[in-house]
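A.B. asks: For the sequence shown, this note's numbering assigns the number 44 to the initial residue and increments by one for each residue that follows.
Virtual Cβ for every residue (Gly too), placed ideally from N, Cα, C.
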Amino acid sequence: MKKLIDAIISAKANGNSFQEMNYTMKLMLKGIPVKSITDETPNDPIILEKIYQAAKEFNVMIPSVSSN
Numbered sequence: 044m045k046k047l048i049d050a051i052i053s054a055k056a057n058g059n060s061f062q063e064m065n066y067t068m069k070l071m072l073k074g075i076p077v078k079s080i081t082d083e084t085p086n087d088p089i090i091l092e093k094i095y096q097a098a099k100e101f102n103v104m105i106p107s108v109s110s111n
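#1: I need the straight-line Cα distance from P76 to L70, nearest angstrom please.
#2: Could you check where the alpha helix (DSSP H) with K69 kicks off and where it finishes?
#3: In angstroms, rounded to a whole number, what distance separates the CA positions of P85 and Q96?
#4: Residues in its own chain within less than 7 angstroms of Q62 by CB, not counting five upstream and five downstream?
#5: Can you have a look at L72 and say buried or exposed, based on whether 16 or more other CB atoms are within 10 angstroms of its CB?
#6: Please list the terminal residues of the continuous alpha helix (DSSP H) segment that includes I12.
#7: Taking DSSP as the reference, what is the three-state secondary structure of P88?
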């Protein structure tokens, strides 16, 4: 999940640190606990759905992952 979140932020921010913070906050407001998700965090189907919905709203293509 962390890589998906990073992909969204990276795609929208284009290296701009202000935009990175902006999109991090937008994801948090959508119920995605950006700061607490690490590479070791197990996939949660509810959070994954929120991530994919946010990507769709932000017009960002991210790869699919299984929720197990």
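C.D. replies: So, to answer that:
#1: If you number the sequence shown from 1, residue 76 lands on position 33. If you number the sequence shown from 1, residue 70 lands on position 27. Distance between the alpha carbons of P76 and L70: 8 angstroms.
#2: As a working mapping, residue 69 is identified with position 26 in the sequence shown. 60-72 is the span of the alpha helix (DSSP H), which, as asked, contains K69.
#3: Translated into positions along the sequence shown, residue 85 becomes position 42. Translated into positions along the sequence shown, residue 96 becomes position 53. Rounded to whole angstroms, P85 to Q96 spans 19 angstroms at the Cα level.
#4: Along the sequence shown, one-based indexing puts residue 62 at 19. Contacts found: K55, A56.
#5: As a position in the sequence shown, residue 72 is number 29, starting the count at 1. Exposed: under 16 other Cβ atoms inside 10 Å.
#6: In the structure as shown, the chain starts at 44 and stops at 111, and residue 12 therefore has no counterpart that could be examined.
#7: Along the sequence shown, one-based indexing puts residue 88 at 45. If DSSP states are grouped into helix, strand and coil, P88 belongs with the helices.
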